[in-house]
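Participant:
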Amino acid sequence: MALPREILDIQTIYMEPAVETYDRGRQVLAYYPNARRIMVPSHHEIPTLYGNEGNAEDWLRIKQHTLVLGVKKSMSMRPNERSSNFIAPSTSNGCAMACAYCYVPRRKGYANPITVFVNIEQICAALGRHARRQGLKPAADQVDPNLWVYDLGENGDLSVDALVSDNVRDLVATFRDLSNAKGSFATKYVNRDLLGYDPQGKTRIRFSLMPEQVAQVVDVRTSPVSERIAAINDFVEAGYEVHINFSPVIVYDGWERDYIELFEKLDATLSATAKEQLKAEVIFLTHNAALHEVNLRWHPRAEDWLWRPELQQKKLSQNGMWNLRYKVHEKRRYVESFLGTLRRALPCCEVRYAF
Ligand code: SF4
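According to our numbering, the stretch in the sequence shown is residues 1 to 355, in order.
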């Protein structure tokens with residue numbers, strides 16, 4: 001199936017009426033002067049966009065050509081214990097990429113283009129207030145030895161969002177000025193504009209990596225894995241902390257051999273400075289029965305890698321969906337094997353958590 005090559009070519013903007021009252025809203029609209037503007041009462045109620053899982057050709061095009069602008073209402077910070085200490089109010093949701101395993105469209109429907117929130121000043125101010133209230137971090141944890149860490153990109157990919165607006169630049173600047181906190185986001189896209197943001201060690205980028213032959217099928221519209229690896233030294237040099245997000249780890253015949261190759265490539269590519277600060281998180285695949293059905297209609301080759309019922313067990317999730325995970329006792333063995341191989345092939349890489 002032919003996929004759109006340009007990551008973004010915005011032709012239509014759905015927007016809430018208040019958007020034009022914000023500087024960021026006016027800035028984004030000025031950036032796309034020829035885009036058709038459609039007023040909507042709310043950024044999350046656009047029936048023609050969301051929930052249309054029927055025609056994948058359409059929703060990939062929607063991801064490329066459509067942008068939604070809205071105002072973020074809730075400024076709540078949710079506690080977290082894995083990739084961060086807190087999940088920040090999102091500055092966007094949706095994504096221009098289309099990874100076949102992505103959980104974001106499970107929540108929001110499948111044509112799920114980028115929604116940018118234009119009240120960035122309020123979001124950054126809320127982050128500042130919350131971080132200052134925390135005071136100094138009392139003890140080191142696996143998230144970070146010294147600083148409170150805020151996850152910034154839970155529902156999308158900030159490297160692509162940064163093609164649309166300065167929201168990510170503003171977030172990086174906010175954390176640069178907070179003495180006790182750090183921002184963090186995972187990404188599958190290399191946006192070299194971010195190299196000029198001057199994070200001064202206060203933003204952590206987690207490049208998501210997996211063996212190239214699998215990524216070429218399941219990581220739809222992302223930067224190639226080799227490009228992500230090649231970017232790590234430059235991002236460290238530019239002042240980012242760079243970790244690796246080995247996620248999702250997909251099990252197939254020969255997966256361990258492919259991961260050895262990936263670790264060896266990292267070992268050969270990363271500079272001494274990058275290795276010194278390197279850490280990783282490891283997350284094995286969770287798939288989803290409904291997503292499997294959708295994928296069969298547009299991208300069945302991805303399901304050859306993702307759907308392995310003989311290796312997986314079903315689990316009813318809190319939102320009533322059937323998720324599939326690798327069978328518990330087998331998964332324990334996979335995790336041990338992964339960690340043992342990583343220790344041998346890339347000994348500099350501490351693992352923050354693995355499951
Ligand atoms: S880059 Fe992240 S948010 Fe975007 S489709 Fe892939 S997994 Fe989902």
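We put the CB at the ideal spot given by N, CA and C, even for glycine.
Let me make sure I understand the geometry here. Which of Q318, F86, S74 and S83 has the alpha-carbon closest to that of Q122?
Facilitator: If we check each option's Cα against that of Q122, S74 comes out closest.
Participant: DSSP has G241 in a bridge; who is on the other side?
Facilitator: As written in the sequence, residue 241 is Glu, which differs from the Gly given in the question. Beta-bridge pairing links E241 to R204.
Participant: What is the DSSP secondary structure of A345, counted as helix, strand or coil?
Facilitator: If DSSP states are grouped into helix, strand and coil, A345 belongs with the helices.
Participant: Tell me the DSSP bridge mates of F117?
Facilitator: Note: F117 sits in a beta bridge opposite G70.
Participant: Should the stretch 14-31 be called in touch with the stretch 75-82, which here means at least 3 C-beta pairs below 8 Å?
Facilitator: No: fewer than three Cβ pairs fall under 8 Å.
Participant: What did DSSP end up calling S84 once you bin it into helix, strand or coil?
Facilitator: S84 falls in the coil class under three-state DSSP.
Participant: Given a cut-off of 8 Å, decide if V160 and A215 are closer than it, judged by their beta-carbon atoms.
Facilitator: Taking 8 Å as the Cβ cut-off, A215 and V160 do not qualify as a contacting pair.
Participant: For E350, decide whether its Cβ has a neighbour in chain B, counting only Cβ atoms nearer than 8 Å.
Facilitator: Chain labels in this structure do not include chain B; a single protein chain is all it has.
Participant: Cβ atoms of S184 and L152: under 8 Å apart, would you say?
Facilitator: In this structure, S184 lies closer than 8 Å to L152 by Cβ.
Participant: Who pairs with G183 in a beta bridge, going by DSSP?
Facilitator: According to DSSP, which records beta bridges pairwise, G183 is partnered with Y150 and T203.
Participant: Who does R325 pair with in a DSSP beta bridge?
Facilitator: DSSP output for R325 lists T286 and Q313 as bridge partner(s).
Participant: Tell whether a beta-carbon distance below 8 Å holds between A186 and R169.
Facilitator: Not closer than 8 Å, so no.
Participant: Return the chain-ordered list of same chain residues with a C-beta closer than 7 Å to the C-beta of G25, the five sequence neighbours on each side being excluded.
Facilitator: Excluding residues within five positions, the ones whose Cβ falls inside 7 Å are V19, L69 and V118.
Participant: In whole angstroms, what separates the C-alpha of I232 from that of L171?
Facilitator: Those two C-alpha atoms are separated by around 20 Å.
Participant: Given 7 Å as the limit, tell me if V225 has its C-beta closer than that to any heavy atom belonging to the ligand SF4.
Facilitator: No, Cβ of V225 sits at least 7 Å from all heavy atoms of the ligand SF4.
Participant: Check whether the Cβ of A98 sits closer than 7 Å to any heavy atom of the ligand SF4, and report yes or no.
Facilitator: A98: yes, Cβ under 7 Å from the ligand SF4.
Participant: Beta-carbon within less than 7 Å of A131's beta-carbon, same chain only, minus the 5 sequence neighbours each way: which residues are those?
Facilitator: So the list reads W148, L178, N180 and A181, once near-sequence residues are dropped.
Participant: Excluding the 5 residues preceding and the 5 following L49 in the sequence, name in chain order all residues of the same chain whose CB lies nearer than 6 Å to its CB.
Facilitator: The residues are A111.
Participant: Looking at C-alpha atoms only, which residue of P309, F246, T222 and Y326 is the closest neighbour of E350?
Facilitator: When each option's Cα is compared against that of E350, the closest is F246.
Participant: Is C349 near the ligand SF4, going by C-beta to nearest heavy atom under 7 Å?
Facilitator: False, no ligand heavy atom lies under 7 Å from that Cβ.
Participant: Is I13 helix, strand or coil when you go by DSSP?
Facilitator: Of the three classes helix, strand and coil, the one that applies to I13 here is strand, per DSSP.
Participant: Would you mind sorting G340 into buried or exposed? The rule is 16 or more other CB atoms within 10 Å of its CB.
Facilitator: Label assigned to G340: exposed.
Participant: Can you tell me where the beta strand (DSSP E) with Y353 in it begins and where it stops?
Facilitator: Per DSSP, Y353 belongs to the beta strand (DSSP E) from E350 to A354.
Participant: May I ask whether a heavy atom of the ligand SF4 can be found less than 7 Å away from the beta carbon of V218?
Facilitator: Answer for V218: no, Cβ out of range of the ligand SF4.
Participant: So does V164 have its beta carbon nearer than 7 Å to some heavy atom of the ligand SF4?
Facilitator: The answer is no for V164.
Participant: I want to check one thing, is the minimum distance from the CB of G156 to the heavy atoms of the ligand MG below 7 Å?
Facilitator: Although the ligand MG was asked about, the structure shown includes only the ligand SF4 as ligands.
Participant: Can you say whether P47 is buried or exposed, counting buried as having 16 or more other CB atoms within 10 angstroms of its CB?
Facilitator: It counts as exposed.
Participant: With DSSP collapsed to three states, give me the class of K265.
Facilitator: Helix at K265.
Participant: On the three-state DSSP scale, how would you describe S247?
Facilitator: Note: S247 maps to strand in three-state DSSP.
Participant: Go to R26, then tell me how far its alpha helix (DSSP H) extends in each direction, as first and last residue.
Facilitator: Taken as a continuous stretch (DSSP letters only), the alpha helix (DSSP H) holding R26 covers D23 to Y31.
Participant: Flag T286 as yes when its Cβ comes closer than 7 Å to any non-hydrogen atom of the ligand SF4, and as no otherwise.
Facilitator: No, Cβ of T286 sits at least 7 Å from all heavy atoms of the ligand SF4.
Participant: Taking contact to mean at least 3 C-beta pairs separated by less than 8 Å, is the stretch 258-268 in contact with the stretch 298-315?
Facilitator: These segments do not touch.
Participant: Quick one: grab the DSSP three-state call for K275.
Facilitator: Residue state, collapsed to three classes: helix.
Participant: Check the C-beta distance from E212 over to V225 and give it rounded, since I have them as a contact under 8 Å.
Facilitator: Sure, about 5 Å apart at Cβ, within 8 Å.
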